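Trainee:
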Amino acid sequence: MVIMADDVDPPAGPEDDPRNEPAPFGLVVLLTAASAVVVMALEVFLSDPPGLRFLLFGPVALVAFEVITHEVWWQRWWGAIPGAVAGLGLYFEGRAALSDLIGAAWAHPVAYVAAWTLFAVVFAVCSRYPRTLRPT
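As structure tokens, then:
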């Protein structure tokens, strides 16, 4: 059997790795926002107010699920840091501003859902630009 030069596949590089795909924007944003809405709905129906762990569990678990199932490469996870900063800023500043506009009762749920949605948007957009390690 003779192997021609055209028959040999070039070695696969990092750009050919299937994990090197960005997070699916619409799916990540929609599911993260939906999970935040579900967490807020559950908070309304529970007799005891949930702690911080409960409030963080739904959206964080969903983003982790997206990273695992879609095998988003670790070099594309860096968007979680600016997403968390933007989301926290929106939550605390938005909750304060919304409490003046719509009342304190609605300010927390609206700011919570908006903050997680912003987190998902920033994370999904940043996943389109992978971090590269450069030797120093």
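Residues in the sequence shown are numbered from 7 upward in steps of one, following our numbering. Where is the CB? At the ideal position from N, CA and C, for every residue including glycine. These numbers were taken from a predicted model, which means no experiment stands behind them.
1. Decide yes or no for the touch test of the stretch 101-117 against the stretch 25-41: beta carbon pairs closer than 8 angstroms, at least 3 of them.
2. What is the C-beta distance between V127 and M46, in whole angstroms, given that I count them as a contact (C-beta under 8 angstroms)?
3. Excluding sequence positions up to five away, which residues of its chain have a Cβ less than 8 angstroms from the Cβ of Y97?
4. With a CB to CB cut of under 8 angstroms and the five nearest residues on each side skipped, what residues in its chain are close to V131?
5. With a cut-off of 8 angstroms on the beta carbons, I'd call A39 and T123 a contact; round off their distance for me.
6. Which term fits R82, buried or exposed, when burial requires 16 or more other beta carbons within 10 angstroms of its beta carbon?
7. On the three-state DSSP scale, how would you describe P136?
8. Indicate the three-state DSSP secondary structure (helix, strand or coil) for Y52 in the structure shown.
9. In its own chain, which residues sit with a C-beta less than 7 angstroms from the C-beta of V35, not counting the 5 before and 5 after it?
10. Starting from A86, trace the alpha helix (DSSP H) in both directions and tell me its first and last residue.
Mentor: According to the structure data:
1. Contact between the stretch 101-117 and the stretch 25-41 is absent: fewer than three C-beta pairs spanning the two stretches fall below 8 angstroms.
2. V127 to M46, Cβ: 18 angstroms. No contact.
3. Contacts found: A117, Y118, A120 and A121.
4. Result list for V131: F31 and G85, in chain order.
5. Confirmed, about 4 angstroms.
6. R82 should be labelled buried.
7. Coil.
8. Reading the sequence as shown, one finds Leu at residue 52 and not Tyr. Of the three classes helix, strand and coil, the one that applies to L52 here is coil, per DSSP.
9. Its chain contains T123, A126, V127 and A130 as the residues whose beta carbon lies nearer than 7 angstroms to that of V35, once the 5 sequence neighbours on both sides are disregarded; these appear in chain order.
10. Its alpha helix (DSSP H) spans residues A86 to L107.
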